[in-house]
Amino acid sequence: MTRLNERIVDSRFFKRRKATEDTKRKIANWDTWDCADPEFKYDYERRVSLYVHQGKAELTFSDGEVVDLQPGDFLTIEQGASAIWKIMEPIRNSYVYHDTFESASRRASQVRWQDK
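The sequence shown begins at 1 in the UniProt record's numbering and counts up one residue at a time.
Now the structure itself:
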């Protein structure tokens, strides 16, 4: 695991960052997920990114790496990862599976060129 600063972490199975304002704008139409279960395991068959709105959790991946989540964090989990979630405070996330993104050519129409 590479810790670039307190909230930036890169690992084999995940990357965590603090969400930028641009990221927060892009998640507006993502699905949301709420969870208060104290602990559960999840196997990731698809690459997924999530933004934490509220709550706290700790994920322990199958390789032993641990990442904590708090409001404002942006986490990408790689396909094939497996993690045990421990929910410290009921958590609310926005999330998207990467295979549901529009293609880059179609996304070009979403760029606000007048703002550049």
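By construction, the Cβ of each residue, glycine as well, lies at the ideal position given by its N, Cα and C atoms.
The beta-carbon distance between Ala83 and Leu59, rounded to whole angstroms, is 4 angstroms. This is short enough to meet the 8 angstroms contact definition. Distance from the CA of Pro71 to the CA of Tyr44, rounded to the nearest whole angstrom, comes to 22 angstroms.
For Asp68, the uninterrupted beta strand (DSSP E) run begins and ends at Val66 to Leu69, by DSSP. Looking at the backbone, the Cα of Lys24 and that of Lys18 are separated by about 10 angstroms. Judged by their CB atoms, Ile91 and Pro38 are not nearer to each other than the 8 angstroms cut-off.
Excluding sequence positions up to five before and after Tyr97, its CB lies within less than 6 angstroms of the CB of Arg46 and Val48, all in the same chain and listed in chain order.
Remark: C-beta atoms of Thr76 and Lys26 do not approach each other more closely than 8 angstroms. Counted as a single uninterrupted DSSP element, the stretch harbouring Thr32 is not any alpha helix (DSSP H) but the beta strand (DSSP E) occupying residues Asp31 to Cys35. Comparing alpha-carbon positions, the option among Glu65, Tyr42, Asp34 and Asp31 lying closest to Arg12 turns out to be Glu65. Between Asp73 and Arg7, the gap from beta carbon to beta carbon is short of 8 angstroms.
Secondary structure of Asp63 (DSSP, three-state): coil. The closest CA to that of Ala81, considering only Trp33, Tyr42 and Thr20, is found on Tyr42.
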